[in-house]
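Since the structure comes first, as structure tokens, the remarks are kept for the end.
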Amino acid sequence: MENDVLSTPGHLISLAARGFARLSEARLRPLGFGVGHLPVLVALQNGKASTQRDLARFAKIEQPPMAQMLARMERDGLIQRTPNPEDGRSSRIVLTKAAQARMPYAIETLFKGNRDAMDGFTEEEALQLVALLTRLIANLDQITSAEPSSYTS
1 MENDVLSTPG
11 HLISLAARGF
21 ARLSEARLRP
31 LGFGVGHLPV
41 LVALQNGKAS
51 TQRDLARFAK
61 IEQPPMAQML
71 ARMERDGLIQ
81 RTPNPEDGRS
91 SRIVLTKAAQ
101 ARMPYAIETL
111 FKGNRDAMDG
121 FTEEEALQLV
131 ALLTRLIANL
141 DQITSAEPSS
151 YTS
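Numbering (the UniProt record's numbering), first residue to last: 1 to 153.
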């Protein structure tokens with residue numbers, strides 16, 4: 001079994017991530033959100049970011065895909081851009097009132113999806129899984145932080 005690439009943590013986590021993405025996408029679509037929007041929506045709602053550069057860093061994606069996502073989100077009425085008083089070359093990005101109003105439903109939808117996916121797990125097992133995944137992500141971030149990245153440019 002040790003040589004079975006389909007039984008490695010990386011492959012199994014990838015399958016789980018794709019399953020969560022399909023579930024979330026199907027449940028968020030009626031609210032006008034997509035799974036890819038989540039980091040942007042959360043960052044804007046929590047005040048963790050307000051410029052395209054900050055959002056790209058927060059979401060850990062490159063600037064060009066972030067620009068494309070923000071253009072689609074603006075077209076779909078989820079965000080608004082206003083001039084940035086601190087830097088005339090950039091814009092401040094905020095959630096529209098419509099997006100703000102739908103966020104609590106989206107968050108509850110995601111929590112319900114997680115509860116459904118964890119059916120049959122004890123609370124202790126669910127907490128342990130979260131702790132293990134958090135450590136794994138920290139390890140991966142540490143390993144990849146030595147790599148050159150355009151997130152910080």
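In this text, a Cβ means the ideal position worked out from N, Cα and C, and glycines have one as well. Nothing here was measured: the structure is a model prediction, and the numbers come from that model.
1. Would DSSP call residue 155 helix, strand or coil?
2. Per DSSP, what kind of secondary structure is S90 in: helix, strand or coil?
3. State the CB to CB distance for the pair V94 and L44, rounded to an integer number of angstroms; the pair is presumed to be in contact (CB under 8 angstroms).
4. Please report the distance separating the alpha-carbon of D4 from that of R115.
5. Count the C-beta pairs between the stretch 33–51 and the stretch 81–100 that are closer than 8 angstroms, then say yes if the count reaches three, no if not.
So, from the data block:
1. Because residue 155 is not part of the residues shown, which for the chain are 1 to 153, the question remains open.
2. In the sequence shown, residue 90 corresponds to position 90, counting from 1. DSSP places S90 in coil when its eight states are reduced to three.
3. The count along the sequence shown starts at 1 and reaches residue 94 at position 94. The count along the sequence shown starts at 1 and reaches residue 44 at position 44. Yes, they are in contact, since the Cβ atoms of V94 and L44 sit about 6 angstroms apart, within 8 angstroms.
4. Taking the sequence shown and counting its residues from 1, one reaches residue 4 at position 4. Taking the sequence shown and counting its residues from 1, one reaches residue 115 at position 115. Their Cα atoms are separated by approximately 30 angstroms.
5. yes
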